[in-house]
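With the first letter of the sequence shown counted as 1, position 587 gets the number 797 in full-length UniProt numbering; the numbers rise by one all the way through.
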Amino acid sequence: RVAEPAAAQTVDTACPYCGVGCQVRLTVADNRIVEVEGRNGPANENRLCVKGRFGMDYVHHPQRLTVPLIRKDGAPKTCDMDPANPWTHFREATWEEALERAAGGFRRIRDNHGGGALAGFGSAKGSNEEAYLFQKLVRTAFRTNNVDHCTRLCHASSVAALMEMVGSGATTAPVRECANAEVIVVIGANPTVNHPVGATHIKNAVQNGARLVVMDPRGQALSRHATWMLQFNPGTDVALLNSLLHVVIAEGLYDRTFVAERLEGFEVLKQHVSAFSPEVMAPITGIAPDVVREVARAFATARGAMVFWGMGLSQHAHGTDNARCLIDLTLICGHVGKPGSGLHPLRGQNNVQGASDAGLIPMVYPDYRSVEDAAVRGFYEDLWDTPLDPHKGLTVVEIMHAASDGRIKGLYVMGENPAMSDPDLVHTRASLAALDHMVVQDIFLTETAMLADVVLPASAFPEKTGTFTNTDRLVQMGRAALTPPGEARQDLAIIQEMGRRLGLTWDYAGPAEVFEEMRACMPSIAGISWARLEREGAVTYPCAAEDEPGKAILFDDVFPLPGGKARLKTADVLPPAELPDADYPLVLTTGRVLEHWHTGAMTRRATALEALEGEPHCLLAPAALARLGIAEGGPVRLTTRRGSIRLAGRPDPQVPEGIVFVPFCYTEAAANLLTNPALDPTAKIPEFKFAAVRVEADQAA
Ligand code: SF4
Numbered sequence: 211r212v213a214e215p216a217a218a219q220t221v222d223t224a225c226p227y228c229g230v231g232c233q234v235r236l237t238v239a240d241n242r243i244v245e246v247e248g249r250n251g252p253a254n255e256n257r258l259c260v261k262g263r264f265g266m267d268y269v270h271h272p273q274r275l276t277v278p279l280i281r282k283d284g285a286p287k288t289c290d291m292d293p294a295n296p297w298t299h300f301r302e303a304t305w306e307e308a309l310e311r312a313a314g315g316f317r318r319i320r321d322n323h324g325g326g327a328l329a330g331f332g333s334a335k336g337s338n339e340e341a342y343l344f345q346k347l348v349r350t351a352f353r354t355n356n357v358d359h360c361t362r363l364c365h366a367s368s369v370a371a372l373m374e375m376v377g378s379g380a381t382t383a384p385v386r387e388c389a390n391a392e393v394i395v396v397i398g399a400n401p402t403v404n405h406p407v408g409a410t411h412i413k414n415a416v417q418n419g420a421r422l423v424v425m426d427p428r429g430q431a432l433s434r435h436a437t438w439m440l441q442f443n444p445g446t447d448v449a450l451l452n453s454l455l456h457v458v459i460a461e462g463l464y465d466r467t468f469v470a471e472r473l474e475g476f477e478v479l480k481q482h483v484s485a486f487s488p489e490v491m492a493p494i495t496g497i498a499p500d501v502v503r504e505v506a507r508a509f510a511t512a513r514g515a516m517v518f519w520g521m522g523l524s525q526h527a528h529g530t531d532n533a534r535c536l537i538d539l540t541l542i543c544g545h546v547g548k549p550g551s552g553l554h555p556l557r558g559q560n561n562v563q564g565a566s567d568a569g570l571i572p573m574v575y576p577d578y579r580s581v582e583d584a585a586v587r588g589f590y591e592d593l594w595d596t597p598l599d600p601h602k603g604l605t606v607v608e609i610m611h612a613a614s615d616g617r618i619k620g621l622y623v624m625g626e627n628p629a630m631s632d633p634d635l636v637h638t639r640a641s642l643a644a645l646d647h648m649v650v651q652d653i654f655l656t657e658t659a660m661l662a663d664v665v666l667p668a669s670a671f672p673e674k675t676g677t678f679t680n681t682d683r684l685v686q687m688g689r690a691a692l693t694p695p696g697e698a699r700q701d702l703a704i705i706q707e708m709g710r711r712l713g714l715t716w717d718y719a720g721p722a723e724v725f726e727e728m729r730a731c732m733p734s735i736a737g738i739s740w741a742r743l744e745r746e747g748a749v750t751y752p753c754a755a756e757d758e759p760g761k762a763i764l765f766d767d768v769f770p771l772p773g774g775k776a777r778l779k780t781a782d783v784l785p786p787a788e789l790p791d792a793d794y795p796l797v798l799t800t801g802r803v804l805e806h807w808h809t810g811a812m813t814r815r816a817t818a819l820e821a822l823e824g825e826p827h828c829l830l831a832p833a834a835l836a837r838l839g840i841a842e843g844g845p846v847r848l849t850t851r852r853g854s855i856r857l858a859g860r861p862d863p864q865v866p867e868g869i870v871f872v873p874f875c876y877t878e879a880a881a882n883l884l885t886n887p888a889l890d891p892t893a894k895i896p897e898f899k900f901a902a903v904r905v906e907a908d909q910a911a
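This is the structure in C-alpha cells:
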C-alpha cells in the first residue's frame, strides 16, 4: 500500500504479466493504483507473486508516452538513445498528423509494392479483441498473412507438435489438476521463477503426496521438492525422452488399451526408440541409466501424471522434435483426458494463448483454421467481406530477414519489442532500421519504438477493458481501472482508426462488439458471451453453449483429428545448430528472472522490482567464475559469433560447469545480441537456449 486514498475505488481485473492469469483487485484513487491484492480466481486462489503484487506502478512511470511522435528528418535510427528524452530524435505531433503519416506510409507501400511488402506484429500483452482486430487489419487492409507475435519466440514448436499430434495447440488440462496427479513432470521450465503462482500448485501437490520429476540442464528451486532431478546435458532433450520411451515400451509399461484405441503410429515409434536405450543415450544426456529406468517406471505406472514444459524444451532448432517426444511419452502412458493428467505448455505472457487463438499467426485464422484451406478462406472472405491472401505469411524471424533484403518495406508493431526479444539483435535492429516505414504503438519508447518512423502512445493493461486467456484456456475479463495518461489512446481505438484510413469501414462500439464477432467465427468460445463474462468473470473454453461450464480436461473421448485418434511421431537425436569449439567453448542459455518479465519494458519501470534486481548479470558455476579470475559480481565479457556484452558475473551452484545463463531483460547488456537465429524447420522458433560462447574477465574494467 503506497498511500491512504481519500475516495478509493476497487476494480477487479487480472495480472498483466505471466500466463498463469492471477486475478487481482486494484484499489485506485486519483487515477493511481494504490493497492493490489489477489482475488480468489481459479488459477491463483488469492495468491500473487512479487510481479503481480509489487509490479503495477510501471503504469505511472514518467517515461509513459503521452503524445504521438514523428521521427525528425534525418534523425539516425538507433537504439542508443535515452527513452526519457525522445525529443533528440522525434518531434511531437497531433493524432491527426501521426495517424495520417502512419496509415499513409502503409497505403503507399501496399499500392506500389503489394500487401506482401507489409507485415504486422501484434501483442500477447493485448486483449483478445485487440489481437483479433489487429490480425483482421493486416489480413483485410494490408492484404497479407504476414502477421505474427511473440508466440513464435516461445511455444511455436509446442503448438506445432500439439496440433499435428493431438489436434489442438492448447493445454489439455489446467495447472490445478496437479492436485489429482500421482506424478508431475516439469521439463525445460522454471515455474518458481516464471510462473510462481503456478508453481505453488505443484508444491502443494507434492506436499500432498505427488512425486515430482524435474528435468533441466540448470538446477532450480523446484528441485528441492523433487523426487528426481535430472540435470541432463543441454540440447539433449530428444535423447533423454527417447530413452524414457525406450524403457516404457521395452518393459511393456505403456497403457495398452489407450494405445490400441486412441493412438496411431505405435509400431513405428516402438521400432524407432528400440535403438535409444538409457545405456546408449547416457553418454549423450549425462543421466545414469538406472535413474532413467526409475523415472520411466514411476511415470508410466502412475494413475495420473501432469506434464509441464517451458521454453527450455521449445526454444531449440529441434524444439518441435523435443515436444513430439514428450507428447509421445505422455500419450503412450495414457496420461491425457482424465483427472490429474495432461499436457501443459506453460504460457509466458498473460494473453499469448488468447492472441494465438484469435489468429495472430501467419498460417491460421482465428481458432487455428488454415489460411490455405479454400473453404475456410471463403468463410472469412464472406465474414470480412473482402478477398484474402491465399498463402501463409512470414513468421517473426522470417519477417526480419525479409526486411533486411527489402522484401518487407513496412511494419506495424503493437506492443512488441523485437529489438530486444529477437535473436541476433545486431541483424534484427539493422533490419528494423532498414524498413521504409515502421509504426510502433506502445506505452514506452521501447528499443523497437526508437527505430520507428511514427510512435503512437497506447494504453497499459490496467487502462483497458477486454478479455484475456490464460495458460489454462480460461477466458477472463480484464477491466479498466485507470484513464490513459495525456493523449494516449486505447489500442482498440488506434487499430480501428488505422483501419479506416486504410479503407475499412469499421465502427466497433467497443470490445464487447469485437468479442461478439469473434464468437461468430470461433466455435471454441461460442458459449462465452460478453454478458456471461461480466457476470462470471472467467469461463474455460472450449465452451459450445451458454449453459455449459466449459471443458477443463480435454480428449476424454476423441482427439480432434480425422479418425479421432492422436498421432505418435518419431524424432532423431540431432546436435544443436551451433556447437562449442576452441574459440567459443561454453554453452550460452538465456531466460528470465523472478523480478523481471520478458524484455523488461514494464518491470524495469516498476520501482520495487527494479530495486530488487536491477543489475545486468550472468550466472556461472562458482568454480568456472573462480577459474576465470572473476570476483563475485565482477565484470564479465560474453562473446559469441554475433556479438559481445559486458555484465556482472555471479556464481550460482545450480549452474553446471560449461553453461552460462543470461537474463534477456537488460537493455544495457542485451542477451539477444549473442543468441543464434537458427530456426526450427517446422515451427520457425529460434534457438535461444543453446549458443557457443566465450566468457572472459572484462579487461576494460
Ligand atoms: Fe502475475 Fe504470473 Fe505472478 Fe500470477 S504468477 S501474479 S499472473 S506474474
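In this text, a Cβ means the ideal position worked out from N, Cα and C, and glycines have one as well.
Handout entry: Helix, strand or coil at residue 716 [DSSP, three-state]
Key = coil
Practice task
Measure the alpha-carbon distance for residue 356 versus residue 622 and round it to whole angstroms.
Solution key: 11 Å
Handout entry: Sub-8 Å separation of residue 224 and residue 234 beta-carbons
Key = yes
Practice task
For residue 768, count neighbouring Cβ atoms within 10 angstroms of its own Cβ and tell me buried if that reaches 16, exposed if not.
Solution key: exposed
Exercise for the section: For residue 622, name the three-state secondary structure that DSSP assigns. Expected result: strand
Exercise for the section: Kindly indicate which three-state DSSP category residue 441 falls into: helix, strand or coil? Expected result: coil
Practice task
Report yes if the C-beta of residue 400 is less than 7 Å from at least one heavy atom of the ligand SF4; otherwise report no.
Solution key: no
Handout entry: Any beta strand (DSSP E) of 3 or more consecutive residues that is wholly inside the region 819 to 897
Key = 827 to 830, 845 to 849, 854 to 861, 869 to 873 and 886 to 889
Exercise for the section: Note down the Cα distance separating residue 528 from residue 598, rounded to an integer number of angstroms. Expected result: 32 Å
Exercise for the section: Note down, one range per segment and in chain order, each alpha helix (DSSP H) of at least 4 residues found wholly within the UniProt domain "4Fe-4S Mo/W bis-MGD-type" (218 to 273). Expected result: 260 to 264
Exercise for the section: Taking only runs that begin and end inside the region 264 to 340, name each unbroken alpha helix (DSSP H) of 4 or more residues, in chain order. Expected result: 305 to 323
Exercise for the section: Pick out whichever of 658, 634 and 631 has its Cα sitting closest to the Cα of residue 915. Expected result: Residue 915 is absent from the structure shown; the chain starts at 211 and stops at 911.
Problem - Whole-angstrom C-beta distance between residue 839 and residue 859, which should lie under 8 Å - result: Not confirmed; about 10 Å, so no contact.
Handout entry: residue 412 to residue 250 span [Cα, whole Å]
Key = 18 Å
Problem - residue 518 versus residue 386 - alpha carbon distance - result: 12 Å
Handout entry: For residue 567, the first and last residue of its enclosing alpha helix (DSSP H)
Key = 562 to 567
Handout entry: Complete alpha helix (DSSP H) runs within the region 436 to 514 (minimum length 4 residues, chain order)
Key = 447 to 460, 466 to 472, 476 to 483, 488 to 495 and 499 to 511
Practice task
Figure out for me which residue from 372, 396, 301 and 410 has the closest Cα to the Cα of residue 259.
Solution key: 410
Handout entry: the region 746 to 762 in contact with the region 683 to 699 per 3-pair CB rule at 8 Å
Key = yes
Handout entry: Three-state secondary structure assigned by DSSP to residue 651
Key = strand
Exercise for the section: List the residues that DSSP assigns as beta-bridge partners of residue 687. Expected result: 677
Handout entry: Residues near the ligand SF4, criterion Cβ-heavy atom distance below 5 Å
Key = 225, 227, 228, 230, 232, 258, 259, 261, 262, 406 and 407
Practice task
Below 8 Å on the Cβ atoms is my guess for residue 243 versus residue 640; work out the distance and round it to an integer in Å.
Solution key: Going by Cβ atoms, the distance from residue 243 to residue 640 rounds to 39 Å, so no, they are not a contact pair.
Handout entry: residue 802 beta carbon less than 8 Å from that of residue 875
Key = yes
Practice task
Can you say whether residue 909 is buried or exposed, counting buried as having 16 or more other CB atoms within 10 angstroms of its CB?
Solution key: exposed
Practice task
Label residue 896 either buried or exposed according to how many other C-beta atoms from any shown protein chain fall within 10 Å of its C-beta, with 16 as the threshold for buried.
Solution key: buried
Practice task
Could you check what DSSP says for residue 909 in three-state terms: helix, strand or coil?
Solution key: coil
Handout entry: Boundaries of the beta strand (DSSP E) in which residue 375 is found, first to last residue
Key = Looking at the DSSP string, residue 375 is not in any beta strand (DSSP E); the run it does join, the alpha helix (DSSP H), is 366 to 376.
Exercise for the section: Answer yes if the region 488 to 507 comes into contact with the region 446 to 466, meaning at least three C-beta pairs across the two stretches below 8 Å, and no otherwise. Expected result: yes
Practice task
Report the rounded CA-to-CA distance for residue 532 versus residue 272, giving the unit in angstroms.
Solution key: 43 Å
Practice task
For residue 218, I'd like the list of residues in its chain whose CB is within less than 7 Å of its CB, leaving aside the five on either flank, ordered along the chain.
Solution key: 237, 238, 239 and 244
Exercise for the section: Report the rounded CA-to-CA distance for residue 662 versus residue 649, giving the unit in angstroms. Expected result: 6 Å
Exercise for the section: Pick helix, strand or coil for residue 353, following the three-state DSSP scheme. Expected result: coil
Exercise for the section: Measure the alpha-carbon distance for residue 774 versus residue 737 and round it to whole angstroms. Expected result: 23 Å
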